[in-house]
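Worksheet: one structure, shown below.
In the working numbering, the protein residues as written are 1 to 561.
So, in structure tokens, the structure goes:
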């Protein structure tokens with residue numbers, strides 16, 4: 001244990017449970033439902049409303065070998081290729097073999113997918129897939145449908161849920177084992193202010209950290225809270241340098257910040273073309289799959305074209321779809337484009353890459369266990385080894401489903417006893433940053449650790465981030481401190497700074513280009529030296545400690561019991 005924790009009031013209330021699940025996307029709610037079905041007293045904590053996580057924004061769909069002629073082995077092959085040599089093959093095999101039945105159980109839970117005239121599940125293609133294996137709902141509203149079904153199931157099961165609650169830190173017992181979480185509930189209700197859920201099993205399903213960048217497809221709640229909590233608790237994270245930038249995000253202007261509208265890869269899967277201002281397709285000849293190449297390849301190609309043409313975006317041309325197809329297959333994207341003055345039925349869509357998905361995260365084994373006993377991670381916050389250096393399109397929802405079921409099975413099997421949280425974790429609380437520092441962090445990260453990286457840009461980013469870290473720490477020690485008042489905005493930006501520092505530390509260490517980590521000064525992939533994982537933890541002095549594995553295999557996850 002590091003003894004590091006956020007500055008926050010002591011919990012003023014507490015409830016007891018067998019399991020606390022933090023997050024209400026596909027990973028969190030599936031875990032909670034399976035745990036409750038096993039007879040475990042389960043509490044769900046979520047930062048906003050139950051349906052406000054990243055899952056609801058997923059447009060494309062969920063990948064699984066459900067179609068005629070498709071097999072888990074083919075799905076595995078496509079995933080390994082996209083992962084650029086860093087996927088854990090056993091984890092991928094688990095995903096693709098257990099995936100089809102997990103999707104069928106999701107349907108049983110109440111999710112309704114689009115079907116063909118014959119009643120079969122309608123399947124489409126996305127980047128990196130050689131088969132049609134993406135199941136979708138409502139045309140391009142798959143995440144919203146999955147979220148709806150799971151939220152309804154949770155409410156029908158009468159699970160204890162705490163909404164509008166930001167998780168703060170892990171609680172541990174005298175032996176250092178998980179004993180629950182502290183959290184802050186925003187607004188009045190059954191619980192208010194800082195409190196605790198005491199439970200021997202904690203599942204982090206908090207989603208991504210896209211808000212470390214200025215432009216992202218992630219919702220505003222995606223501030224890396226789960227990764228930051230895990231780091232402070234002493235857990236290891238891995239592959240955090242691999243941040244996937246989605247190639248086709250609606251371009252709203254160079255100064256646009258925050259969550260940006262996604263233009264799903266499924267649009268390209270149905271035949272849309274990437275073109276420059278002259279209407280010339282530029283993906284032809286760059287990859288055998290052209291516009292359906294893996295996302296890192298498409299994002300790099302778009303970025304290159306932007307540099308060559310000295311422009312801030314390229315175009316996605318799907319005018320040949322016609323109005324009927326746009327309205328039936330992609331109603332959400334059509335509405336988003338029109339809301340911003342673009343009509344894709346009659347004009348190409350301006351697009352540019354934006355931060356989308358963290359392929360790395362809290363390191364887990366195949367049962368979702370982290371390096372801290374009793375702490376689990378699932379979904380985007382976790383690094384199971386499935387995604388490697390670049391997530392294959394639409395594998396994220398499937399990963400959440402499959403590994404959520406595995407976590408619930410492990411907790412149900414072990415049923416650890418409840419223990420009392422230790423009175424103090426020792427050490428000084430983390431100095432909080434002023435909320436207005438958030439924009440500075442995002443601009444530092446976008447400038448220094450965005451799509452294009454170099455030793456110089458990363459060094460500059462590291463220096464600026466460390467300056468913010470030192471400034472906050474120095475202010476606490478000052479005779480007249482002006483440190484930020486504990487509160488949601490200050491806690492979020494402090495989490496953003498921690499995950500940004502760790503991400504940059506890993507990106508500086510990886511001196512090659514691989515997957516979605518693109519080093520301008522190291523343009524080649526170097527398997528001899530860098531087909532390795534980078535594992536990071538936070539030392540007691542709060543500095544990131546980066547360790548390179550000896551092989552491409554993940555080291556075993558060993559938690560202290």
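A virtual CB, placed ideally from N, CA and C, is assigned to each residue, including glycine.
Short of 8 Å in beta carbon distance, which residues of its chain neighbour residue i, apart from the five on each side in sequence? Order them along the chain.
{"i": "residue 102", "result": "64, 398, 401, 402 and 405"}
{"i": "residue 252", "result": "260, 261 and 340"}
{"i": "residue 85", "result": "388, 389, 514, 525, 527, 531 and 552"}
For residue i, count neighbouring Cβ atoms within 10 angstroms of its own Cβ and tell me buried if that reaches 16, exposed if not.
{"i": "residue 328", "result": "exposed"}
{"i": "residue 171", "result": "buried"}
{"i": "residue 536", "result": "buried"}
{"i": "residue 480", "result": "Low per-residue confidence applies at residue 480: pLDDT is 49, beneath 50, and the placement is therefore not dependable enough to give any value."}
{"i": "residue 456", "result": "exposed"}
{"i": "residue 108", "result": "exposed"}
{"i": "residue 471", "result": "exposed"}
{"i": "residue 284", "result": "exposed"}
{"i": "residue 421", "result": "buried"}
{"i": "residue 24", "result": "buried"}
{"i": "residue 515", "result": "buried"}
{"i": "residue 265", "result": "buried"}
{"i": "residue 222", "result": "buried"}
{"i": "residue 485", "result": "exposed"}
{"i": "residue 508", "result": "buried"}
Look up residue i in the DSSP assignment and say whether it is helix, strand or coil.
{"i": "residue 331", "result": "helix"}
{"i": "residue 209", "result": "coil"}
{"i": "residue 314", "result": "strand"}
{"i": "residue 155", "result": "helix"}
{"i": "residue 201", "result": "strand"}
{"i": "residue 342", "result": "coil"}
{"i": "residue 4", "result": "coil"}
{"i": "residue 547", "result": "strand"}
{"i": "residue 242", "result": "coil"}
{"i": "residue 513", "result": "coil"}
{"i": "residue 183", "result": "strand"}
{"i": "residue 561", "result": "Confidence at residue 561 is low in this model, with a pLDDT of 43, below 50, so its placement is unreliable and no value can be given for it."}
{"i": "residue 572", "result": "Because the chain here runs from 1 to 561, residue 572 falls outside it and cannot be looked at."}
{"i": "residue 502", "result": "helix"}
{"i": "residue 356", "result": "strand"}
{"i": "residue 160", "result": "strand"}
{"i": "residue 273", "result": "strand"}
{"i": "residue 383", "result": "strand"}
{"i": "residue 527", "result": "helix"}
{"i": "residue 536", "result": "strand"}
{"i": "residue 363", "result": "strand"}
{"i": "residue 194", "result": "strand"}
{"i": "residue 493", "result": "helix"}
{"i": "residue 140", "result": "coil"}
{"i": "residue 268", "result": "helix"}
{"i": "residue 398", "result": "helix"}
{"i": "residue 371", "result": "coil"}
If I measure Cβ to Cβ from residue i and keep anything under 6 Å in the same chain, skipping five residues before and after, which residues do I get?
{"i": "residue 11", "result": "182, 194, 195 and 196"}
{"i": "residue 88", "result": "385 and 554"}
{"i": "residue 561", "result": "Annotation note: pLDDT 43 at residue 561 (below 50); position unreliable, coordinate value reported separately. If we look at residue 561 and ignore the five residues flanking it on each side, its Cβ neighbours are 373."}
By Cβ distance below 7 Å, which residues in the same chain neighbour residue i in space, the five residues on each side in sequence not counted?
{"i": "residue 522", "result": "511, 512 and 513"}
{"i": "residue 443", "result": "214"}
{"i": "residue 464", "result": "444"}
{"i": "residue 71", "result": "65"}
{"i": "residue 542", "result": "4"}
Restricting to Cα atoms, I'd like to know which of the options is closest to residue i.
{"i": "residue 158", "options": "262, 496 and 39", "result": "39"}
{"i": "residue 3", "options": "557, 540 and 549", "result": "540"}
{"i": "residue 382", "options": "359, 392, 534 and 390", "result": "359"}
{"i": "residue 166", "options": "200, 104, 323 and 21", "result": "21"}
{"i": "residue 234", "options": "338, 370 and 279", "result": "370"}
{"i": "residue 395", "options": "67, 52, 99 and 14", "result": "99"}
{"i": "residue 548", "options": "216, 132 and 240", "result": "240"}
{"i": "residue 90", "options": "275, 223 and 388", "result": "388"}
{"i": "residue 200", "options": "332, 68, 42 and 250", "result": "42"}
{"i": "residue 268", "options": "82, 256 and 321", "result": "321"}
{"i": "residue 92", "options": "104, 114 and 79", "result": "79"}
{"i": "residue 377", "options": "393, 350, 411 and 186", "result": "411"}
{"i": "residue 391", "options": "416, 418 and 356", "result": "356"}
{"i": "residue 344", "options": "35, 324, 225 and 168", "result": "324"}
{"i": "residue 67", "options": "9, 85 and 131", "result": "131"}
{"i": "residue 138", "options": "151, 163 and 57", "result": "57"}
{"i": "residue 362", "options": "246, 206 and 179", "result": "206"}
Are the C-beta of residue i and some C-beta of chain B separated by less than 8 Å?
{"i": "residue 228", "result": "Looking for chain B here will not work: only one protein chain is present."}
(request) Pick out the complete alpha helix (DSSP H) segments inside the region 43-111, 4 residues or longer, and give them in chain order. (result) Runs of the alpha helix (DSSP H) inside the region 43-111: 72-82 and 89-109.
(request) Any chance you could list the beta strand (DSSP E) runs of at least 3 consecutive residues sitting entirely within the region 433-483, in chain order? (result) None, since the region 433-483 contains no complete beta strand (DSSP E) of that length.
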